[in-house]
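**Q**
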Amino acid sequence: MEPSMAIGVPGVTLSSCDLTMPVIGMGTSSSPPVAPETTKAAIVEAIKAGYRHFDTAFAYRTEQPLGEAIAEALRLGLIKSRDELFITSKLWSSFAEKDLIVPSIRMSLRNLQLDYIDLYLIHWPLKLSQEVRQMPVIREHIFPLDIKSVWEGMEECKNLGLTKAIGVSNFSCKKLEELLSTAKIPPAVNQVEMNPLWQQKKLREFCKVRGIHVSAFSPLGANNTKWGDNRILECDVLEEIAKAKGKTTAQISLRWLYEQGVSSIAKSFNNERMKQNLDIFDWSLTEEESNKISQLPQRKGITFESILGPHDLVLELDAESLDDC
Ligand SMILES: NC(=O)c1ccc[n+]([C@@H]2O[C@H](COP(=O)([O-])OP(=O)(O)OC[C@H]3O[C@@H](n4cnc5c(N)ncnc54)[C@H](OP(=O)(O)O)[C@@H]3O)[C@@H](O)[C@H]2O)c1
18 MEPSMAIGVP GVTLSSCDLT MPVIGMGTSS SPPVAPETTK AAIVEAIKAG
68 YRHFDTAFAY RTEQPLGEAI AEALRLGLIK SRDELFITSK LWSSFAEKDL
118 IVPSIRMSLR NLQLDYIDLY LIHWPLKLSQ EVRQMPVIRE HIFPLDIKSV
168 WEGMEECKNL GLTKAIGVSN FSCKKLEELL STAKIPPAVN QVEMNPLWQQ
218 KKLREFCKVR GIHVSAFSPL GANNTKWGDN RILECDVLEE IAKAKGKTTA
268 QISLRWLYEQ GVSSIAKSFN NERMKQNLDI FDWSLTEEES NKISQLPQRK
318 GITFESILGP HDLVLELDAE SLDDC
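To get the working numbering, take the position in the sequence shown, counting from 1, and add 17.
#1: Figure out for me which residue from Gly245, Ser301, Trp141 has the closest Cα to the Cα of leucine 271.
#2: Using CA atoms only, rank isn't needed, just tell me which of Ser110, Asp340, Asp341 is closest to tyrosine 77.
#3: Keeping to the same chain, check which residues put their C-beta closer than 8 Å to that of valine 226; ignore five residues upstream and five downstream.
#4: What I want to know is whether the C-beta of glycine 77 ends up closer than 8 Å to one or more non-hydrogen atoms of ligand 1.
#5: Hey, is tryptophan 273 close to ligand 1, as in C-beta under 8 Å from one of its heavy atoms?
#6: Going by DSSP in three states, methionine 211 sits in which element: helix, strand or coil?
#7: Around the C-beta of arginine 123, are 16 or more other C-beta atoms found within 10 angstroms, so that it is buried, or is it exposed?
#8: Using three-state DSSP, classify glycine 184 as helix, strand or coil.
#9: Any idea what DSSP makes of serine 235, helix, strand or coil?
#10: From Gly67, Lys57, Ala66, pick the residue whose C-alpha is nearest to that of glutamate 85; which is it?
#11: Can you tell me the Cα-Cα spacing of leucine 136 and valine 231, whole angstroms?
#12: Mapping DSSP to helix, strand and coil, what is glutamate 270?
#13: Is the number of C-beta pairs between the region 127-147 and the region 98-117 that are closer than 8 Å three or more?
#14: Using alpha carbons as the reference points, say which of Ala88, Asp253, Ser189, Leu196 lies closest to glutamine 210.
#15: Between the Cα of arginine 92 and the Cα atoms of Phe71, Val61, Val29, which residue gives the shortest distance?
#16: Go ahead and pull the three-state DSSP assignment for histidine 230.
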């Protein structure tokens with residue numbers, strides 16, 4: 018880890034591009050969804066608090082408020098240049114077709130009012146029909162992802178300078194293996210669910226050997242969302258460690274992730290909690306505390322089945338991820 022542009026937040030250098038990503042990013046997806054003005058205001062507050070890394074996606078409908086917040090931060094002089102920020106967005110599954118990928122990132126750039134993003138990820142390892150409007154979906158609307166041709170489209174986005182780095186999200190070792198067998202530019206990042214109760218040991222080892230940085234979403238267990246619960250924030254072992262150190266369970270989880278060499282995308286639109294989530298860099302876990310966390314029983318939070326329905330392709334994806342823990 019090395020210093021990054023975010024105030025007091027270390028950065029990680031991504032492979033196959035000369036790019037440093039702050040190890041704590043602010044998530045922009047809220048559940049239930051909130052008004053765009055609320056998202057914009059929270060992002061401006063996050064920039065004031067020192068966040069320089071933001072995670073959005075076409076599917077979250079937060080690209081526009083993020084773009085407006087960036088413009089506002091520039092107007093207010095909170096940042097001098099857009100280059101001080103690290104912005105991630107994601108290719109939605111309904112556009113996961115080679116010819117639709119460059120138009121998709123251009124659409125995201127228009128939403129964000131930006132000329133480039135820092136990182137563009139394939140959001141899910143499957144393709145959905147463009148008719149999909151709500152979840153769960155019918156089987157006829159789900160297709161396997163043509164990894165080779167979709168990745169060629171992602172490589173084109175990087176070659177055109179529309180994004181500095183490309184990567185994937187929710188990819189298993191099996192899917193990464195397939196991608197790496199034809200990729201000209203290897204993925205810089207795999208963004209996956211990870212926290213002390215879903216540690217992804219096998220996937221992390223696989224990615225480490227191949228120079229793919231792992232980024233954790235739902236690092237706090239996604240409390241209060243429809244895909245998460247309080248299993249991290251109210252975990253006995255984390256509570257005990259937090260109490261002994263005068264920290265919160267959220268901070269223990271984020272610190273543990275940082276010590277694993279993983280970056281975290283944590284969402285808080287509350288001023289105190291967003292500050293708390295950045296305050297993890299001037300203390301550490303003891304070996305005994307780390308060992309206790311590494312022995313926690315494992316349980317995945319999000320499954321594709323719970324979002325899309327119990328279809329064969331979807332169950333296959335879930336089985337691959339369960340195999341990676
Ligand atoms: N690639 C993918 O498929 C994928 C999937 C899911 C999420 N993501 C990304 O990852 C981001 C974060 O994941 P997530 O939203 O699922 O879960 P999360 O960050 O683990 O949890 C967010 C929830 O925790 C609360 N919270 C935040 N900090 C807290 C603290 N210090 N103490 C107590 N509660 C706290 C938040 O409420 P308040 O806002 O009220 O603080 C919110 O309800 C998303 O916003 C999105 O950008 C990506």
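Beta carbons: idealized from backbone N, C-alpha and C, even for Gly.
Here the structure is a predicted model, which is why all the values come from computation and not from measurement.
**A** Let me spell this out:
#1: Ser301
#2: Ser110
#3: none
#4: According to the sequence displayed, residue 77 carries tyrosine and not glycine. At least one heavy atom of ligand 1 is nearer than 8 Å to the Cβ of tyrosine 77, so yes.
#5: no
#6: coil
#7: exposed
#8: strand
#9: coil
#10: Lys57
#11: 13 Å
#12: One detail in the question is off: residue 270 reads as serine in this sequence, not glutamate. Serine 270 falls in the helix class under three-state DSSP.
#13: yes
#14: The sequence given here has glutamate at residue 210, not glutamine. For the residues Ala88, Asp253, Ser189, Leu196, the minimum Cα distance to glutamate 210 belongs to Ser189.
#15: Val61
#16: strand
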